[in-house]
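Written out below as structure tokens is the structure these notes cover.
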Amino acid sequence: MDQRAFLHEILSTIRRFNNAQGKDPIPTTDIIFRHVQGDLVQTRAQLGGYMKKLEEANAIFIIHMVEPDPILHIDAVNGYVLADSSILGRVREFYYQELERLYERQMYQRKHASGIIRELFKEVKRHNNTRLGMVLNGAIMLQQYEQVVSGNPAAYGDAERDRRITAILEETAPLAAVPGSAPLGDDPEFDVVPPGSEGAASQNVGGHSQRAVDSSDYLDVEKMDLTGKWGEAVEKFGVQFLLRVHFRKYEFDKVKLLVNTKRVARREDLIYVRDTIRMLEGRIHQDPPLRKHLKVMSDLQAAVLIKLKMIELARQDA
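Count along the sequence shown from 1, add 34, and you get the number used in the working numbering.
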């Protein structure tokens, strides 16, 4: 069996579990390993490599059910779901119902899944490695992945998935430039506005009227960490100007770090990142180097959607 056929076998296995009735529809690494173990995969680490390929091809989403904790000797547990809107909807509905059932059993009260997520969102780590925590993580991430697919359906269609699988399997040599295409850094859409110009001034948060952290209307969850050199740069150039510089350099990992450490936390800035990633996903053909960053782009998009969900929940409680 060649690699392409094996990848499709993995997808068929995931699909079978995702469509299962009356039991957990998200298979974990151990479950998939038992079903596909053979000549091409003899260890879980080898299977992980194939899962990464499928994720990069926009064929699946990886659900982080349990976060690793070396102090408590807790290993990570990942689950898998096809990047298909109809399947995501069914699986999310199962997890919503399971979340409501577990919550009622442990808290002795009934509540809708959205209310449970709002209540427990900031306590996810506390419930790590418990059934409630796994279902909570699944419900949150499934909801975000549904939004990712609905926001850019063409990137998750069968044709695009197969094209990406082909490209990934053939990617053994440096990618050749596509004639007539411009790299991200040469795209006028990503030209950096010189500091001090009108464009830069419109993004500057140094003025009283545009500093989000100075406004009492902003919730605590949207407050940025403006300490150190990052804060100085934000005061001088503005958040979106700095983000644009990182995007021009394909520094998606740095943007992800900025989001996860609350250096980028305002709703409008997170929306800017979300929309930029969506736009870039539609430019893969014109900008071949982007294909090398699909995984981190997907991770960044998921991180941003989770932060936006936190803001939405916080505003509902305000």
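In this text, a Cβ means the ideal position worked out from N, Cα and C, and glycines have one as well. Keep in mind the model is a prediction, meaning the values are calculated, not measured.
Which residues bound the beta strand (DSSP E) around residue i?
i	result
Asn112	Val111 to Leu116
Helix, strand or coil for residue i per DSSP?
i	result
Ile108	strand
Ile355	In the structure as shown, the chain begins at 35 and stops at 352. Residue 355 is therefore absent and cannot be evaluated.
Glu346	helix
Glu285	coil
Val298	coil
His319	coil
Out of curiosity, what's the CA-to-CA distance linking residue i and residue j?
i	j	result
Ser353	Gln178	Given a span of 35 to 352 for the chain in the structure shown, any question on residue 353 remains unanswerable.
Phe271	Gln80	45 Å
Ser46	Lys263	49 Å
Gly172	Phe40	26 Å
Val273	Val289	11 Å
Gly230	Val279	In this predicted model, Gly230 has a pLDDT of only 38, less than 50, meaning its place in the structure is not dependable enough to derive any value.
Phe128	Gly265	43 Å
Ile97	Arg317	26 Å
Gln143	Met313	43 Å
Met141	Arg282	49 Å
Let me check understanding here. Comparing Cα to Cα, which of the options lies closest to residue i?
i	options	result
Lys87	Arg49, Glu315, Leu203 and Ile105	Leu203
Asp333	Tyr129, His319, Val293 and Ile199	Val293
Arg165	Leu339, Leu276, Val111 and Leu74	Val111
Arg124	Leu106, Gln140 and Gln55	Gln55
Glu315	Val70, Asp73 and Ala91	Ala91
Pro187	Ala299, Val158, Ser120 and Val330	Ser120
Arg49	Ala93, Arg78 and Gln181	Ala93
Val298	Gly167, Asp103 and Leu276	Leu276
Asp193	Leu176, Gly149, Val338 and Ala117	This sequence places Ala at residue 193; Asp is not what is there. The residue with the shortest Cα to Cα distance from Ala193 is Ala117.
Lys343	Pro322, Phe281 and Arg308	Arg308
Per DSSP, which one or two residues make a beta bridge with residue i?
i	result
His161	According to DSSP, which records beta bridges pairwise, His161 is partnered with nothing at all.
Val100	Val111
Thr62	Gly113
Provide the residue span of the alpha helix (DSSP H) that contains residue i, from first to last.
i	result
Gln37	Gln37 to Asn52
Tyr130	Ser119 to Met141
Ala193	Asp192 to Glu204
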